[in-house]
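For reference, the structure discussed in these notes is given below.
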Amino acid sequence: RTGRYKAFPVAGTAITAGGLLLLSTLGPDTSRYVSSAYMVGLGIGLGMVMQVLVLAVQNDVPAGDLGVATASVAFFRSLGGSIGTAVFGSLMATRLATELAARVPAGADLGAAARGTPAAVLALPPLLRDAVVSSYGEAISMVFMVAAPLALVGVVLTALLPEKPLRETAHVRGDDAVLDIEAPPTSGLEPPTEPIDGLGH
Numbered sequence: 008r009t010g011r012y013k014a015f016p017v018a019g020t021a022i023t024a025g026g027l028l029l030l031s032t033l034g035p036d037t038s039r040y041v042s043s044a045y046m047v048g049l050g051i052g053l054g055m056v057m058q059v060l061v062l063a064v065q066n067d068v069p070a071g072d073l074g075v076a077t078a079s080v081a082f083f084r085s086l087g088g089s090i091g092t093a094v095f096g097s098l099m100a101t102r103l104a105t106e107l108a109a110r111v112p113a114g115a116d117l118g119a120a121a122r123g124t125p126a127a128v129l130a131l132p133p134l135l136r137d138a139v140v141s142s143y144g145e146a147i148s149m150v151f152m153v154a155a156p157l158a159l160v161g162v163v164l165t166a167l168l169p170e171k172p173l174r175e176t177a178h179v180r181g182d183d184a185v186l187d188i189e190a191p192p193t194s195g196l197e198p199p200t201e202p203i204d205g206l207g208h
């Protein structure tokens with residue numbers, strides 16, 4: 008409505024950082040309602056960033072480059088998501104192995120519980136179950152704690168984002184989207200007028 012969009016990604020990255028910090032406090036005793044509220048906050052923050060940045064890119068390029076710009080945003084977002092998943096997954100696995108080694112008695116067989124299968128964890132004896140749950144809690148909390156500063160970096164980057172007033176599509180000049188394509192030379196050849204191999208025209 009206002010033609011201005013910069014405030015949304017700046018506020019969104021800040022809310023995302025706050026949501027990640029709240030999620031880093033999760034523990035075995037955290038209720039489902041509290042954890043859900045934290046995730047809703049994280050989702051609101053991300054929702055204020057993702058599509059608005061796509062809009063900013065689309066607003067900044069000529070109409071003829073709109074498809075390339077949108078595809079580039081999607082590509083780099085997917086690339087970043089893949090790298091982030093690999094890095095944070097590795098951090099969690101490393102921290103989980105450390106926590107399990109420190110909390111679980113030597114020689115204890117966790118079986119499927121070592122992979123976090125809920126039914127297998129619940130089937131463990133109370134002492135082992137508490138150790139596994141606490142280990143996963145510490146590992147997951149560490150991941151959110153590491154991600155929060157990255158979101159704060161996002162606050163700085165979005166604050167530096169130049170803002171251009173949103174253009175109205177109806178006012179985009181048609182020649183921005185026109186590509187001058189020259190027809191190839193015909194070299195004086197004329198199209199055949201007779202049927203070829205009995206196939207007709």
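With my numbering, letter number 161 in the sequence shown gets 168, and the count goes up by one each step, no holes.
Quick reminder that beta carbons are idealized off the backbone N, C-alpha and C, glycines included.
This one's a predicted model, so the numbers in the text were calculated from it and none came from an experiment.
- Closest in alpha carbon position to V94, among G26, V153, G48, is V153.
- At a Cβ-Cβ threshold of 8 Å, V139 and V128 count as neighbours.
- When Cβ pairs closer than 8 Å are counted between the two stretches, the segment 62-81 is seen not to touch the segment 27-36, the count staying below three.
- V56 sits away from T92, with the two beta carbons spaced by 8 Å or more.
- The DSSP-derived three-state label of A109 is helix.
- Apart from the 5 residues on each side of it in sequence, L29 sits with its Cβ closer than 7 Å to the Cβ of Y45, G48 in its chain, given in chain order.
- With a threshold of 16 other beta carbon atoms within 10 Å, P132 falls short and is exposed.
- Boundaries of the alpha helix (DSSP H) around M57: 57-67.
- Contact between P172 and G10 holds: their C-beta atoms lie close to 5 Å from each other, under 8 Å.
- DSSP places A126 in the uninterrupted alpha helix (DSSP H) bounded by 125-129.
- Residue state for D137 is assigned as helix, using DSSP reduced to three classes.
- Check the Cα spacing between D116 and each of R102, T101, L134, A100: the tightest is with L134.
- Sorting V163, G161, F82, A146 by C-alpha distance to the C-alpha of G96 places A146 at the top.
- Taking every protein chain shown into account, the CB of Y40 has fewer than 16 other CB atoms within 10 angstroms, so this residue is exposed.
- A buried status is given to I22, since no fewer than 16 other beta-carbon atoms sit within 10 Å of its beta-carbon.
- In the structure shown, D72 adopts helical secondary structure according to DSSP, grouped into three states.
- Judged by DSSP secondary structure, Y45 falls within the alpha helix (DSSP H) whose first and last residues are 39-54.
- In the three-state reduction of the DSSP assignment, Y143 falls in the helix class.
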